[in-house]
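Everything in the sequence shown is counted per our numbering, starting at 6 for the first residue and increasing by one.
Glycine included, every Cβ here is placed at the ideal spot set by N, Cα and C.
Just so it is clear, the structure is predicted and the values come from calculations on it, not from any experiment.
Comments concern the structure below.
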Amino acid sequence: MPCNLNFNQCNYGCMYPRPIFTCYRNLISLLNQSGNQIINPVIDSSQIIATTSNSQTVLTGGNVSPIVVFNQGSAISYDNAGTFSLVNGRYLLSFNINGAYAADGQFNFAVYQDGVLVPSSSTTSSGTVGSPVSINNKIYLNITNPNSLITIQNTNVNSQTISSGNIIIEKII
């Protein structure tokens, strides 16, 4: 690899943009007689995918209770009753819920963090009672409290029947 002695200000050629490992670092290491190396940080990728394919009735304020089909990493855990536990970090949470409109013609769900409604997470649809409905939402969560509890709850005044759904939580940082 050709040496970049203008300290990474090169802006042409097959090696542009230059990676973080440049000849400048090698030159400094040589002059200091050290073996210092720049090491990229290790990112603990964590992701959980949960789904529900059987019909369930969710009471007012109750949790959607999916079954985990994929769990990678140690940042996200699940209690099999609708509560996800997340460690500190930034997460992308997306959900899709299919079901039927409740007795008031509404279909309402939202994400709660430690029992508090997450802003912009409420999803509502209106239609004919008993008709099929599908809702989805995608939000970012900043978790600063270790072991923060995340749930997706029924926010309707009536019980709601869901037929299927997916929840995906992915740790970004």
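Query	Result
Where does the unbroken beta strand (DSSP E) through I53 begin, and where does it stop?	52-57
How many whole angstroms separate the CB atoms of T88 and P71, which I take to be in contact at a CB cut-off of 8 Å?	In fact, because the Cβ distance is near 11 Å, the residues do not count as touching under 8 Å.
Within 10 angstroms of the Cβ of Y96, are there 16 or more other Cβ atoms? Answer buried if so, exposed if not.	buried
What is the DSSP secondary structure of T128, reduced to helix, strand or coil?	strand
Could you give the residue range of the beta strand (DSSP E) that holds I140?	137-148
Cα separation between F130 and N142?	The question names Phe, yet the displayed sequence has Ser at residue 130. Those two C-alpha atoms are separated by around 12 Å.
T156 bridges to which residues according to DSSP?	Y117
Between which residues of its own chain and A5 is the CB-CB distance below 8 Å, once the five residues before and five after are set aside?	The structure shown does not extend to residue 5, since the chain is modelled only from 6 to 178, so the question has no answer here.
Where N13 and I178 are concerned, what is the direct C-alpha to C-alpha distance, given to the nearest angstrom?	Residue confidence is low: N13 scores 49 on pLDDT, short of 50, so the model does not pin down where it sits. No coordinate-derived value is stated.
What three-state label does DSSP hand S2 in the structure shown?	A question about residue 2 goes unanswered here, because the residues of the chain that appear run from 6 up to 178.
Buried or exposed: which applies to A1, given that a residue is buried once 16 or more other Cβ atoms fall within 10 Å of its Cβ?	This structure gives no information on residue 1, because the portion of the chain shown stretches from 6 to 178.
What number of angstroms, rounded off, separates the C-alpha of Q165 from the C-alpha of G66?	10 Å
Could you pull out every residue in the same chain whose Cβ sits closer than 6 Å to the Cβ of N152, ignoring the five residues on either side in sequence?	S90
So, under 8 Å CB-CB, Y106 and V134 are touching, yes? Tell me the CB distance rounded to an integer number of Å.	5 Å
Going by C-alpha distance, which of G110, Y145, A108 is nearest S126?	Y145
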